[in-house]
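Engineer:
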Amino acid sequence: MDCVVNAFHIGKHEIGKEGSCFIIAEAGVNHNGKLDAAHELIDAAAAAGADAIKFQTWITERICAKGAKKAGYQEAQCPGESDQFTMLKKLELPYDWHPELQQHAQEKNLIFLSTPDEIESAVFLCQLGIPAIKIGSAELTNHIYLRQLAELGRPLILSTGMGTIGEIRSAIEAIRSKANLPLALLHCISAYPAPEEEMNLRCLETLRKEFGFPVGLSDHTIGSTTALVAVGVGIAILEKHLTLDKSATGPDHSSSANPAEFADLVSAVRKAETMLGDGVKTLAPCEANTRLAVRRTLVYTCDLPAGHALCLEDMEALRLGLNGFGPEDARKLEHKYLRRAVIARSTISERDFL
Numbered sequence: 000m001d002c003v004v005n006a007f008h009i010g011k012h013e014i015g016k017e018g019s020c021f022i023i024a025e026a027g028v029n030h031n032g033k034l035d036a037a038h039e040l041i042d043a044a045a046a047a048g049a050d051a052i053k054f055q056t057w058i059t060e061r062i063c064a065k066g067a068k069k070a071g072y073q074e075a076q077c078p079g080e081s082d083q084f085t086m087l088k089k090l091e092l093p094y095d096w097h098p099e100l101q102q103h104a105q106e107k108n109l110i111f112l113s114t115p116d117e118i119e120s121a122v123f124l125c126q127l128g129i130p131a132i133k134i135g136s137a138e139l140t141n142h143i144y145l146r147q148l149a150e151l152g153r154p155l156i157l158s159t160g161m162g163t164i165g166e167i168r169s170a171i172e173a174i175r176s177k178a179n180l181p182l183a184l185l186h187c188i189s190a191y192p193a194p195e196e197e198m199n200l201r202c203l204e205t206l207r208k209e210f211g212f213p214v215g216l217s218d219h220t221i222g223s224t225t226a227l228v229a230v231g232v233g234i235a236i237l238e239k240h241l242t243l244d245k246s247a248t249g250p251d252h253s254s255s256a257n258p259a260e261f262a263d264l265v266s267a268v269r270k271a272e273t274m275l276g277d278g279v280k281t282l283a284p285c286e287a288n289t290r291l292a293v294r295r296t297l298v299y300t301c302d303l304p305a306g307h308a309l310c311l312e313d314m315e316a317l318r319l320g321l322n323g324f325g326p327e328d329a330r331k332l333e334h335k336y337l338r339r340a341v342i343a344r345s346t347i348s349e350r351d352f353l
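Using numbering that gives the first Met the number 0, the letters of the sequence shown correspond one by one to residues 0 to 353.
#1: Quick one, are the C-beta atoms of H103 and H38 less than 7 Å apart?
#2: Report the three-state DSSP secondary structure of T187 (helix, strand or coil).
#3: When you compare each of V230, S169, G222 and A6 to E195 by their alpha carbons, which one comes out closest?
#4: With burial defined as no fewer than 16 other Cβ atoms inside 10 Å of the residue's Cβ, what is the status of K33: buried or exposed?
#5: Could you pull the DSSP bridge partners for L216 from this structure?
#6: Would a C-beta distance cut-off of 7 Å place L40 and A49 closer than the cut-off?
#7: In the DSSP assignment, find the unbroken beta strand (DSSP E) run with S158 in it and report its ends.
#8: On the criterion of 16 or more Cβ atoms from any shown chain inside 10 Å, does D277 qualify as buried, or is it exposed?
#9: Using a 10 Å radius around the Cβ and a threshold of 16 neighbouring Cβ atoms, would you call D1 buried or exposed?
#10: Can you find at least 3 beta carbon pairs, one from the region 82-96 and one from the region 196-204, that sit closer than 8 Å?
#11: Could you give the residue range of the beta strand (DSSP E) that holds A37?
#12: Please tell me whether F123 and L92 are closer than 7 Å, where the distance is taken between their beta carbons.
#13: Could you pull out every residue in the same chain whose Cβ sits closer than 8 Å to the Cβ of R318, ignoring the five residues on either side in sequence?
#14: Going by DSSP in three states, L243 sits in which element: helix, strand or coil?
#15: What does the Cβ neighbour count give for H334, buried or exposed, with the cut at 16 atoms within 10 Å?
#16: Less than 7 Å between the C-beta atoms of A183 and P213, yes or no?
#17: Report, in whole angstroms, the separation of the C-beta atoms of S253 and N29, which I expect to be a contact under 8 Å.
#18: The beta strand (DSSP E) with A292 in it runs from where to where?
#19: Between which two residues does the alpha helix (DSSP H) containing S266 stretch?
#20: Less than 7 Å between the C-beta atoms of G165 and L139, yes or no?
#21: Report all residues from its chain with a CB closer than 8 Å to the CB of D313; omit the five preceding and five following residues, and keep chain order.
#22: Going along the chain, which residues of its own chain have a beta-carbon closer than 8 Å to the beta-carbon of R339, five neighbours each way excluded?
#23: Would you decide whether P198 is buried or exposed? Buried here means 16 or more other CB atoms lie within 10 Å of its CB.
#24: Going by alpha carbons, who is nearest to K208 out of G233, T224, L227 and I188?
#25: Leaving out five residues before and five after T220 in sequence, what residues of the same chain have Cβ atoms less than 7 Å from its Cβ?
#26: Would you identify the three-state DSSP class for G71, choosing helix, strand or coil?
#27: Between the alpha carbons of T281 and L275, how many angstroms are there, rounded?
#28: I'd like to check one pair, N31 with G211: are the Cβ atoms closer than 7 Å?
#29: Would you tell me roughly how many angstroms separate the C-alpha atoms of L151 and I118, rounded to the nearest one?
#30: Here's a check: name, in chain order, each residue in its chain whose Cβ is nearer than 7 Å to the Cβ of R175, leaving out the five neighbours to either side.
#31: Using the DSSP secondary-structure output, state which residues sit across from P115 in a beta bridge.
#32: Of all the options A51, A259 and T159, which has the alpha carbon lying nearest to the alpha carbon of Q101?
#33: CA-CA distance, F21 and A46?
#34: Quick one: is T85 near chain D, going by C-beta distance under 7 Å?
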């Protein structure tokens, strides 16, 4: 990373630690209002190697008016509901489900998270003991709500979909006006699925440099390419939707990864992190034998008498095991006087000179 970020912890995970991405399996509303499905999503997230499972928690009447139109992708994926209110009501995660889902996640060594979409649900989740609050992109300009969340005292993960730099700055100022909390920013394109050509992943570096917080990606593209590119750019958090069935009816299933795809993604991300290394250019351990075999050593081109002043024409570089001077040393050996006679093709050694 090119700038220092304000790292913080969610459970045992350090958010912002270079080379270690916190992977959130976004179950979201893909339980389709079924408790058994929510439990299956937890099992799938754990099996895939995710660090956290995240749902969404709201009271529909607190976030949406009856008759509100659905977004285009919601209309396409949920044609049976007449409006957004009806769709959301069917997808609510009841409060009384949360404790057993949280316990299940903990038994699977997963951090249990859920995105609250109004303050009553946020307070409920904090009482449940969630270690951080994820804020959806829809609330980026909801400064009243952001100030309320800041007062709850939890680290905040702020998604920035549909936002501009100015809106992000204003959101941060609203949060900071109430509390100096740990904060991370997620780059996000709020389309389901999001077009790869519109992902603009260089925004990750822009956000990190502009604000100095850990940055991550809420990835709504199909496949793993976007996430892997983001790992290369540098992310502290990766959030990806997880579904049990990509063909199921619901707003997010078709743009989600199924369990096998999510497992492949986690594996690829961890491999990519290993490949990135620490950025220090030096000899890799696996290169030592090859270096010994192919790097060249200086030898004499012909027999030379004692007292001879060495010139460049008296030297050549051959592969013979790096047991003397390399060709990069030729200039410093030029004009040195021989202490003794030498023979052609013998290795040039320090002891040969006066």
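Using N, Cα and C, we set each Cβ at its ideal position, and we do this for glycine too.
Structural biologist: On the basis of the supplied data:
#1: Within the sequence shown, the letter at position 104 stands for residue 103. Within the sequence shown, the letter at position 39 stands for residue 38. Yes; because the gap between Cβ atoms is below 7 Å, this pair is in contact.
#2: The residue you call residue 187 lines up with position 188 of the sequence shown. Contrary to the premise, residue 187 reads as Cys rather than Thr in this sequence. Residue state, collapsed to three classes: strand.
#3: In the sequence shown, the residue the question calls residue 195 occupies position 196. If we check each option's Cα against that of E195, G222 comes out closest.
#4: Position 34 of the sequence shown holds residue 33. That one is exposed.
#5: Here residue 216 corresponds to residue number 217 of the sequence shown, with the count starting at 1. According to DSSP, L216 bridges with H186 and L237.
#6: On the sequence shown, residue 40 is found 41 positions in, with the first residue counted as 1. On the sequence shown, residue 49 is found 50 positions in, with the first residue counted as 1. No. Outside cutoff.
#7: In the sequence shown, residue 158 corresponds to position 159, counting from 1. Where S158 is concerned, the enclosing beta strand (DSSP E) stretches over L155 to S158.
#8: Residue 277 sits at position 278 when you count from the first residue of the sequence shown. When all chains shown are included, D277 counts as exposed.
#9: As a position in the sequence shown, residue 1 is number 2, starting the count at 1. Here D1 scores only 42 on pLDDT, less than 50, and its place in the model should not be relied on; the value that follows carries that caveat. Exposed, since its Cβ has fewer than 16 Cβ neighbours within 10 Å.
#10: no
#11: Counted from its first residue, the sequence shown places residue 37 at position 38. Unbroken run through A37 is the alpha helix (DSSP H), L34 to A47; no beta strand (DSSP E).
#12: Here residue 123 refers to the residue found at position 124 of the sequence shown. Here residue 92 refers to the residue found at position 93 of the sequence shown. Not a contact, by the Cβ cut-off of 7 Å.
#13: By 1-based counting over the sequence shown, the position of residue 318 is 319. Counting only Cβ-Cβ distances below 8 Å, and skipping sequence neighbours, we find A292, V293, R294, R295 and T296.
#14: Counting from one through the sequence shown, the residue named residue 243 turns up at place 244. L243: coil per DSSP, three-state reduction.
#15: For the purposes of this step, residue 334 is identified with residue 335 of the sequence shown, where counting begins at 1. Exposed.
#16: Indexing the sequence shown from 1 puts residue 183 at position 184. Indexing the sequence shown from 1 puts residue 213 at position 214. A contact, by the Cβ cut-off of 7 Å.
#17: Within the sequence shown, numbered from 1, the residue matching residue 253 stands at position 254. Within the sequence shown, numbered from 1, the residue matching residue 29 stands at position 30. Between N29 and S253 the Cβ distance is about 11 Å, and since that is not below 8 Å, they are no contact.
#18: Position 293 of the sequence shown, counting from 1, holds the residue named residue 292. Unbroken run through A292 is the alpha helix (DSSP H), A287 to V293; no beta strand (DSSP E).
#19: Start at 1 with the first residue of the sequence shown, and residue 266 comes out as number 267. Run containing S266: P258 to L275, per the alpha helix (DSSP H) assignment.
#20: Residue numbering aside, residue 165 sits at position 166 when the sequence shown is read from its first letter. Residue numbering aside, residue 139 sits at position 140 when the sequence shown is read from its first letter. Against a cut-off of 7 Å, the Cβ pair of L139 and G165 comes out as no contact.
#21: Reading the sequence shown from its first residue, position 314 is the one you call residue 313. Correct list, in chain order: Y299, T300, C301, L303 and H307.
#22: Mapped onto the sequence shown, residue 339 falls at position 340. These residues qualify, in order along the chain: A305 and D351.
#23: Translated into the one-based positions of the sequence shown, residue 198 becomes position 199. Correcting the residue identity first, residue 198 is Met in this sequence and not Pro. So M198 ends up on the buried side.
#24: Taking the first residue of the sequence shown as 1, we reach residue 208 at position 209. Residue G233 is the option with its Cα nearest to K208.
#25: In the sequence shown, counting from the first residue as 1, residue 220 sits at position 221. Result list for T220: P192, A193, E195 and M198, in chain order.
#26: As a first step, residue 71 is located in the sequence shown; it is residue number 72 there, counting from the start. Of the three classes helix, strand and coil, the one that applies to G71 here is helix, per DSSP.
#27: For this step, residue 281 is matched to residue 282 along the sequence shown. For this step, residue 275 is matched to residue 276 along the sequence shown. Answer to the nearest angstrom: the Cα atoms are 14 Å apart.
#28: The sequence position of residue 211 within the sequence shown is 212, counting from 1. The sequence position of residue 31 within the sequence shown is 32, counting from 1. Not closer than 7 Å, so no.
#29: For the purposes of this step, residue 151 is taken as the residue at position 152 of the sequence shown. For the purposes of this step, residue 118 is taken as the residue at position 119 of the sequence shown. Approximately 10 Å between the Cα atoms of the pair.
#30: Taking the sequence shown and counting its residues from 1, one reaches residue 175 at position 176. Excluding residues within five positions, none has a Cβ falling inside 7 Å.
#31: Counting from 1 along the sequence shown, the entry for residue 115 is found at position 116. BP columns for P115 point to T56.
#32: Taking the first residue of the sequence shown as position 1, residue 101 is located at position 102. It is A51.
#33: Numbered from 1 along the sequence shown, position 22 holds the residue referred to as residue 21. Numbered from 1 along the sequence shown, position 47 holds the residue referred to as residue 46. Each residue's Cα considered, the two are about 16 Å apart.
#34: Looking at the structure shown, chain D is missing, and only one protein chain is on hand.
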